[in-house]
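Peer 1:
Numbering (our numbering), first residue to last: 32 to 475.
Written out as structure tokens, the structure is:
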């Protein structure tokens, strides 16, 4: 299949502050006071408005690399870096506990311009690693109407129907394909997951446009996934992070549930009901009632499919080891698990390694796994899904062509950044073979 390349140009516009003293310049100083009218000659309903459905074929193509060029005024870049210095400097924290600053930008795609969009740094370990390595290859988040209060002419601006998008910098992934391949595998096996595509990014921060690396464009979960992958698009969406994300007894904390939708209502009763039921005495005193109650508020079958995929491909940076990197969505009364951030999947793992296929080592500190796997019926379904997933997807006959296709698609960009790129694709092929064998041996 022929490769097709899109061209996207993002221009960050620095507004000159009227502050002429030597005081530190903030983002507010860079923004104009009050509402400012701007010209939007390229605006069309199809490309810019929120009255159209998201165009997945344009934004998340399977056979194209999106080419992005970002220009950031040197003074604006310095302001963004200063924000990182203030929040990540000194003690070199291991977790992000702040939201990086938004700045206005202009984006051009195939000769069409999007106006005053918002751009900021994103991520946790990916952002920390970028900061510590002193690289320009940072992960970014885009929001196309972030500054509509300042510029009312861009009210409800969208990018082919998308409000927000993420630029993952493939940190710690020398193959560049882990995020893409993993999310595709989840969806192929019936697990809700974000869509992705490849992007080559160029950056000009005052020293000319330079290639900074191959990125993965990732769909924003709370933007489009409820409508595109669920029957009910009006449910609560949570992104748990912190101790409460473990659901261990005594950890429930609404402030760590991070409600992404229906914030004005602020009803956490669904996620609290899951926490309460997990630790209800009926789990041991009346298992059948406990199972029935659990299945009425939590999509157990979908979760077992998720576990089968996750444990086969080995993603250590998620629930069971880390208290982050998943969403919960209330679809018609049942909370559904959505995996997130798979850039370190398809390898043995860190932090002591990935969890085993049996999950026997998982303690009650991770009750969603432990208590579900303690149910014989669920355990057998999980094993059946392991077999189905490896037979249908995680085997050399299926995965080798997938990996080879992605390799051919991105190789001209990936080799510029990493000359050993092809060896990392070979390593992924070996991982598929070894994990397929591991599942077969486990199921014997």
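The beta-carbon is built from N, C-alpha and C at its ideal position, and this holds for glycine as well.
1. Identify every residue that forms a DSSP beta bridge with residue 241.
2. For residue 246, name the three-state secondary structure that DSSP assigns.
3. Excluding the five sequence neighbours on either side, which residues of its own chain have a C-beta within less than 8 Å of the C-beta of residue 157, listed in chain order?
4. Looking only at DSSP bridge pairs, what is residue 360 linked to?
5. Based on DSSP bridge pairs, tell me the residues matched to residue 152.
6. Does DSSP put residue 339 in a helix, a strand or coil?
7. Cutting at 7 Å between CB atoms, please list the residues of its own chain near residue 331, excluding the five before and the five after it.
8. Does residue 388 pass the burial test, meaning 16 or more other C-beta atoms within 10 Å, or should it be called exposed?
9. Between the C-alpha atoms of residue 277 and residue 77, what's the straight-line distance to the nearest angstrom?
10. Could you tell me how far apart the beta carbons of residue 366 and residue 412 are, in whole angstroms, since I believe they sit closer than 8 Å?
11. Are the stretch 213-224 and the stretch 148-167 in contact at 8 Å, needing three or more beta carbon pairs?
12. Between 312, 295, 288, which lies nearest to residue 301 when the distance is taken from Cα to Cα?
13. Start and end of the alpha helix (DSSP H) containing residue 476?
14. Mind checking residue 53: buried by the 16 CB within 10 Å criterion, or exposed?
15. Is the CB-CB distance between residue 251 and residue 196 below 8 Å?
16. For a quick check, are the C-beta atoms of residue 452 and residue 205 less than 8 Å apart?
17. Less than 8 Å between the CB atoms is what I'm expecting for residue 445 and residue 91, so what's the real figure, rounded?
18. In the DSSP assignment, find the unbroken alpha helix (DSSP H) run with residue 222 in it and report its ends.
19. Which residue's Cα is closest to the Cα of residue 434: 414, 377, 472?
20. Short check: CB of residue 354 to CB of residue 266, under 8 Å?
21. Quick test of your reading: residue 69 and residue 184, contact by CB under 8 Å. State the CB separation rounded to the nearest angstrom.
22. From the DSSP output, in three-state form, read off residue 393 for me.
23. In this structure, does DSSP put residue 53 in helix, strand or coil?
24. How big is the Cα-Cα spacing for residue 295 and residue 343?
25. Between the beta-carbon of residue 335 and the beta-carbon of residue 398, is there less than 8 Å?
26. So is residue 457 buried or exposed if we call it buried at 16+ other beta carbons inside 10 Å?
27. Mind checking residue 466: buried by the 16 CB within 10 Å criterion, or exposed?
28. Mapping DSSP to helix, strand and coil, what is residue 188?
29. Once the 5 residues before and after residue 249 are set aside, which same chain residues still bring their CB inside 6 Å of it?
30. Would you mind reading off the limits of the alpha helix (DSSP H) that contains residue 460?
31. Where do the N-terminal and C-terminal ends of the beta strand (DSSP E) with residue 195 fall, by residue?
32. CB-CB under 7 Å to residue 275, same chain, minus the five flanking residues each way: which ones, in chain order?
33. With DSSP as the reference, identify every bridge partner of residue 329, one or two as the case may be.
34. Could you tell me which whole alpha helix (DSSP H) segments of length 4 or greater appear in the stretch 75-106?
35. CA-CA distance, residue 39 and residue 143?
36. Can residue 148 and residue 106 be called in contact, C-beta distance under 8 Å?
Peer 2: Looking at the coordinates:
1. Per DSSP, the beta bridge partners of residue 241 are 234.
2. Under the three-state reduction of DSSP output, residue 246 falls in the strand class.
3. Excluding positions up to five away in sequence, the list reads 170, 199, 200, 202, 203, 374.
4. The partner list for residue 360 (beta bridge, DSSP) reads 268, 367.
5. Bridge partners of residue 152: 171.
6. In this structure, DSSP gives residue 339 a helical state, which the three-state scheme calls helix.
7. In chain order, 325, 403, 409 place their CB closer than 7 Å to the CB of residue 331, counting only its own chain and leaving out the 5 sequence neighbours on each side.
8. Sixteen is the threshold: when 16 or more other Cβ atoms of the shown chains lie within 10 Å of the Cβ of residue 388, as they do, the residue is buried.
9. Going by the C-alpha atoms only, they are around 42 Å apart.
10. Residue 412 and residue 366 do not touch by the CB rule: their CB atoms are close to 18 Å apart, not below 8 Å.
11. Taking 8 Å as the limit for Cβ pairs, the verdict is that the stretch 148-167 does not touch the stretch 213-224.
12. Comparing Cα positions, the closest option is 288.
13. The first residue shown for the chain is 32 and the last is 475, placing residue 476 beyond what the model contains.
14. The predicted model places residue 53 with a pLDDT of 44, which falls under 50 and marks its position as unreliable, so this point remains unresolved.
15. Contact: yes.
16. In this structure, the beta-carbon distance from residue 452 to residue 205 falls below 8 Å.
17. That pair is no contact at about 19 Å.
18. Unbroken run through residue 222: none, as it is neither H nor E.
19. The option with the nearest alpha carbon to residue 434 is 377.
20. Not a contact, by the Cβ cut-off of 8 Å.
21. About 5 Å; that satisfies the 8 Å criterion.
22. Coil.
23. Below a pLDDT of 50, predicted positions are generally treated as unreliable, and residue 53, at 44, falls in that range; no measurement from the model is reported.
24. Taking the Cα positions, residue 295 is about 39 Å away from residue 343.
25. For the 8 Å CB-CB criterion, residue 335 and residue 398 do not form a contact.
26. By the Cβ neighbour-count rule, residue 457 is exposed, with fewer than 16 other Cβ atoms within 10 Å of its own.
27. Answer is buried; the Cβ neighbour count reaches 16.
28. In the three-state scheme derived from DSSP, where H, G and I count as helix and E and B as strand, residue 188 is classed as coil.
29. Excluding positions up to five away in sequence, the list reads 197, 199, 225, 227.
30. Run containing residue 460: 452-474, per the alpha helix (DSSP H) assignment.
31. Unbroken beta strand (DSSP E) run through residue 195: 195-199.
32. 282, 283, 284, 287, 288.
33. DSSP links residue 329 through a beta bridge to 366.
34. With a minimum length of 4 residues, the continuous alpha helix (DSSP H) runs that stay inside the stretch 75-106 are 76-79, 87-90.
35. Because residue 39 sits at a pLDDT of 49, beneath the cut-off of 50, its placement in the model cannot be relied upon, and the point is left open.
36. No, Cβ-Cβ distance for residue 148 and residue 106 is not below 8 Å.
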